[in-house]
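Undergrad:
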Amino acid sequence: MEVLAKFLEQYIRDIDYYERASKLCANICENELETAGIRAIVTYRAKRPDKLKDKLIKRNEKHKYKNVQEILEDIVDLAGVRIAIYFPGDKEEVEKFIKSTFEVVEVKEFPQDQEPNGGSGIYKKVFSGYHATHYRVRLKPEHYGDDMKNHWDALIEIQIATVLMHAWAEVEHDLVYKPLSGKLSTDEYEILDELNGLILSGEIALKRLQKAFNERVSKQSVPFSNHFELAAFIYNRIQELFGKQDEEITMGRADILFNFLKIAGMDKPEDINKYIENISIKSDHVNIVQQLVEMILEDNPSLIEDYQKSKDITGKVRV
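Its first residue numbered 3, the sequence shown is counted upward by one per residue in our numbering.
What follows is the structure, encoded as C-alpha cells:
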C-alpha cells in the first residue's frame, strides 16, 4: 500500500496540472464544436483524490502495482473531458474533429465484451449497456502559450456519448460500482437494464428527430435561424451528395459563414446549394466553410467587405 500512498500524495501535489490541462482541452472542444454548429455539452475535471484512492485500491487487487510509473501507465483518466452530444448522428463529426485536433494515443470503444452488471454474476444484461468512444489524447504545441507549455505531455481522456447515455452511465456507475448500502439486488439490476433499453430507444428517436429536422430545414425556403441550422443543412447535403466520408474534412467556422450569408442576403438553402454541390472532399483538409466562402467570393467579388464584416461581428460576439 506504500506505493499507492506515494502516488496519491504526488497526484495531490500535481492536481492543478491535470485541472489546467483538462480545462484547456475542454475549451478547445467547446469552442470548435460550437462554431462548427454541433450541439454538445462539454465538461471537464481532474479526478477527485478520494475517487482516485478508491480506484487505486480496487485496481491494485488485480495489478499489484510495484511502483508509481506502473500506476501512471494504468490510470489514464486523471485529466478528463466529457463531450455529451445532443444527436447520435453528430458522433462521427466530433470524432473527426478529435483526430484532426489532438494527438490521439489510444481509442477505446464501448460496449466491449458483454458481462453481467458490474461483474456481479447475479444478473445477465439483456441490453448492451454503455455506448461511447473514449479517446486518450495529448495536446499539440499550438494549443498552449508559454504559461501552459509544461502541460503538453498530459494524457487526457475525452469521452464521447449522447446526453442520454451519459446520464444513464452516471446512475449505473454510482449504483453498481459505488453502492452506499450493500450490493444491488436482481430487481435493481433489472431496472437498470430496463432503463438502458429506454436510453437506447431514446437514441433511435434522437436520430429520427435529427433526420426530420434536417429534412425540414432543407425543404424550407426561409432564412436559416442560426448557424446550427446552417451546419446541419450543409452536413446533410454533403452526405446526400457524397455519402459518408472517412476523410477528416471539417466544417470550420459555421458561425462566421452564417453571419456572412445573412449580411449578403444569401441565407436560404437555395442560395448556397449550388456551392455545396461543388465542394471538394479531397481538398487537402481545407475545411468546408473555407471552400464555400472562396466559391461565393469568386462569383461575387463585391461581397469581400461583407465577409470581413462577418468575421469582425463574430469575433466581437465570441469575446
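Virtual Cβ for every residue (Gly too), placed ideally from N, Cα, C.
Owing to the predicted nature of the structure, the values given are computational and were not obtained by experimental measurement.
Less than 8 Å between the CB atoms is what I'm expecting for Tyr-137 and Ile-100, so what's the real figure, rounded?
TA: For the purposes of this step, residue 137 is taken as residue 135 along the sequence shown, with counting starting at 1. For the purposes of this step, residue 100 is taken as residue 98 along the sequence shown, with counting starting at 1. That belief holds up - the Cβ atoms of Tyr-137 and Ile-100 are roughly 5 Å apart, short of 8 Å.
Undergrad: Going by DSSP, name the residue or residues bridged to Thr-135.
TA: Here residue 135 refers to the residue found at position 133 when the sequence shown is read from its first residue. Glu-111, Ile-162.
Undergrad: Report, in whole angstroms, the separation of the C-beta atoms of Glu-279 and Leu-243, which I expect to be a contact under 8 Å.
TA: Translated into the one-based positions of the sequence shown, residue 279 becomes position 277. Translated into the one-based positions of the sequence shown, residue 243 becomes position 241. Yes, they are in contact, since the Cβ atoms of Glu-279 and Leu-243 sit about 6 Å apart, within 8 Å.
Undergrad: Round the Cβ separation of Ala-256 and Val-291 to the nearest angstrom and send it over; I've been treating them as touching at under 8 Å.
TA: As a working note, residue 256 is residue 254 in the sequence shown. As a working note, residue 291 is residue 289 in the sequence shown. Right, the Cβ-Cβ distance comes to about 6 Å (below 8 Å), so this counts as a contact.
Undergrad: Around the Cβ of Met-167, are there at least 16 other Cβ atoms within 10 angstroms (buried) or fewer (exposed)?
TA: Working through the sequence shown from its first residue, we reach residue 167 at position 165. With 16 or more Cβ atoms within 10 Å of its Cβ, Met-167 is classed as buried.
Undergrad: Whose C-alpha, out of Ser-130, Met-268, Val-288, Ser-282, is nearest the C-alpha of Ile-298?
TA: The count along the sequence shown starts at 1 and reaches residue 298 at position 296. Answer by Cα proximity: Met-268.
Undergrad: Assign Val-295 to one of two classes, buried (16 or more other C-beta atoms within 10 Å of its C-beta) or exposed (fewer than that).
TA: For this step, residue 295 is matched to residue 293 along the sequence shown. So Val-295 counts as buried.
Undergrad: Spatial neighbours of Ser-24 within its chain, please: CB distance less than 7 Å, with the 5 preceding and 5 following residues excluded, ordered by chain position.
TA: Stepping through the sequence shown from its first residue, residue 24 is reached at position 22. Excluding residues within five positions, the ones whose Cβ falls inside 7 Å are Tyr-46, Arg-47, Ala-48, Ala-81, Gly-82, Val-83, Ile-158.
Undergrad: Within 10 Å of its beta-carbon, does Thr-188 have 16 or more other beta-carbons around it, so buried, or fewer, so exposed?
TA: For the purposes of this step, residue 188 is taken as the residue at position 186 of the sequence shown. Answer is exposed; the Cβ neighbour count stays below 16.
Undergrad: In this structure, does DSSP put Arg-41 in helix, strand or coil?
TA: For the purposes of this step, residue 41 is taken as residue 39 along the sequence shown, with counting starting at 1. If DSSP states are grouped into helix, strand and coil, Arg-41 belongs with coil.
Undergrad: I need the DSSP call for Tyr-46, collapsed to helix, strand or coil.
TA: Working through the sequence shown from its first residue, we reach residue 46 at position 44. In the structure shown, Tyr-46 sits in a strand (DSSP, three-state: E or B).
Undergrad: Please determine, among Ala-156, Gln-161, Lys-53, Leu-141, the residue with the shortest C-alpha to C-alpha distance to Glu-1.
TA: Because the chain is modelled from 3 through 321, residue 1 falls outside the range shown and cannot be assessed.
Undergrad: Provide the residue span of the beta strand (DSSP E) that contains Val-295, from first to last.
TA: Walking along the sequence shown from the start, residue 295 turns up at place 293. That residue, Val-295, is in no beta strand (DSSP E); its alpha helix (DSSP H) goes 290-301.
Undergrad: Which residues bound the beta strand (DSSP E) around Gly-82?
TA: Against the sequence shown, residue 82 aligns to sequence position 80. That run of the beta strand (DSSP E) goes 81-87.
Undergrad: With DSSP as the reference, label Val-78 as helix, strand or coil.
TA: Position 76 of the sequence shown, counted from the start, is the residue given in the question as residue 78. Val-78 falls in the coil class under three-state DSSP.
Undergrad: If you reduce the DSSP assignment to three classes, tell me which class Val-106 lands in.
TA: Here residue 106 is taken as the residue at index 104 of the sequence shown, counted from 1. Reduced to three states, the DSSP call for Val-106 is strand.
Undergrad: Would you report the Cα separation of Val-165 and Lys-93, rounded to the nearest angstrom?
TA: If you number the sequence shown from 1, residue 165 lands on position 163. If you number the sequence shown from 1, residue 93 lands on position 91. Between the alpha carbons of Val-165 and Lys-93 lies a gap of roughly 12 Å.
Undergrad: Could you please give the first and the last residue of the uninterrupted alpha helix (DSSP H) stretch that includes Ala-233?
TA: Walking along the sequence shown from the start, residue 233 turns up at place 231. Here the alpha helix (DSSP H) through Ala-233 covers 229-244.
Undergrad: Closest by CA to Lys-142, which one among Lys-53, Gln-114, Asn-261, Thr-103?
TA: If you number the sequence shown from 1, residue 142 lands on position 140. Comparing Cα-Cα distances from Lys-142 to each of Lys-53, Gln-114, Asn-261, Thr-103, the minimum goes to Thr-103.
Undergrad: Please classify Arg-140: does DSSP put it in a helix, a strand, or coil?
TA: Along the sequence shown, read from residue 1 onward, the residue named residue 140 stands at position 138. Of the three classes helix, strand and coil, the one that applies to Arg-140 here is strand, per DSSP.
Undergrad: For a quick check, are the C-beta atoms of Ile-73 and His-145 less than 8 Å apart?
TA: By one-based count along the sequence shown, residue 73 stands at place 71. By one-based count along the sequence shown, residue 145 stands at place 143. Going by C-beta atoms, Ile-73 is not nearer than 8 Å to His-145.
Undergrad: Under 6 Å Cβ to Cβ from Arg-239, same chain only, skipping five residues before and after it: list those, please.
TA: As a first step, residue 239 is located in the sequence shown; it is residue number 237 there, counting from the start. Around Arg-239: Ile-278.
Undergrad: Work out the CA separation of Phe-226 and Tyr-19 for me, nearest whole Å.
TA: Position 17 of the sequence shown, counting from 1, holds the residue named residue 19. Position 224 of the sequence shown, counting from 1, holds the residue named residue 226. In this structure, the CA atom of Tyr-19 is about 42 Å from the CA atom of Phe-226.
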